[in-house]
Each structure stands twice: as structure tokens, then as C-alpha cells.
Amino acid sequence: MIIENFPQLVERIIAHQISREKNDENGIEYYVKWLGLPYAESTWEAEHLISHRFHNKIEAYNLRLNNENLPDKHSKVCLEFVIA
């Protein structure tokens, strides 16, 4: 049962990737930050294992990913310094 596999709650989804498991062709894995645990304890979890219970967290991740207001890796950084 999914609840037994994941007694922790998902705080947020950090990233995603195509599954590297040979028996899970074209499956997606999500890098999960667990509530109450440090980022160092984040884990890759198969979509089919977490999507039912944590669908809202996956939706929030996809919204962040597709948000046009977020800079991408090619954005130039502009630093402004205020001298008082």
C-alpha cells in the first residue's frame, strides 16, 4: 500500500527525470523533499508510487516549471548595489 511505503509527507517536488530502471520504460521519477527532513535526505521516487497521494505536489512542481516569470539557466544576472 502506498501509505505504508511513504509514511512521510512530501514538502515539495524538486526535480524530475526519466526513470533509469530497465523495467520502467518511459517512467518518470521525481526528486522529493520530505517534510521535516533536510534536503540531504531527499530521494528519487517513481511517479506511479507517489502520484495518487501527492498529486497536488506534482501539480505545484509543474506550475513552477512552466512559470514564465522564473529565469532559466541562460538568463543573465543583473546585480544592483545600493550605496547609502
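When we follow our numbering, the leftmost residue of the sequence shown carries the number 184, and every step to the right adds one. Cβ coordinates follow ideal geometry from the N, Cα and C atoms, glycine included.
Can you list, in chain order, the residues of its chain whose CB lies under 6 Å from that of residue i, leaving out five sequence neighbours each side?
{"i": "phenylalanine 237", "result": "Val193"}
{"i": "glutamate 212", "result": "Gln200, Ser202, Trp227, Ala229"}
Alpha carbons only, please: which of the options is nearest the one belonging to residue i?
{"i": "serine 225", "options": "Tyr214, Tyr244, Leu232", "result": "Tyr214"}
{"i": "lysine 271", "options": "Glu251, Leu218, Tyr222", "result": "There is no way to answer for residue 271, as the model of the chain reaches only from 184 to 267."}
{"i": "tyrosine 222", "options": "Gly210, Tyr244, Ile197, Asn245", "result": "Ile197"}
{"i": "arginine 195", "options": "Val260, Glu242, Glu204, Gly210", "result": "Glu242"}
{"i": "glycine 210", "options": "Lys259, Leu220, His231", "result": "His231"}
Does residue i pass the burial test, meaning 16 or more other C-beta atoms within 10 Å, or should it be called exposed?
{"i": "isoleucine 233", "result": "buried"}
{"i": "glutamate 251", "result": "exposed"}
Based on DSSP bridge pairs, tell me the residues matched to residue i.
{"i": "valine 215", "result": "Ile196, Thr226"}
{"i": "isoleucine 201", "result": "Ile211"}
With a threshold of 7 Å on Cβ separation, who are the neighbours of residue i within its own chain once the five nearest residues in sequence on each side are excluded?
{"i": "lysine 216", "result": "Glu194, Arg195, Ile197, Tyr222, Ser225"}
Which residues in the same chain as residue i place their Cβ atom closer than 8 Å to its Cβ, once the five residues preceding and following it in sequence are excluded?
{"i": "glutamine 191", "result": "Trp217, Leu218, Gly219, Leu220"}
Using 8 Å as the limit for Cβ to Cβ distance, is residue i near chain B?
{"i": "serine 202", "result": "Among the protein chains of the structure shown there is no chain B, as only one such chain exists."}
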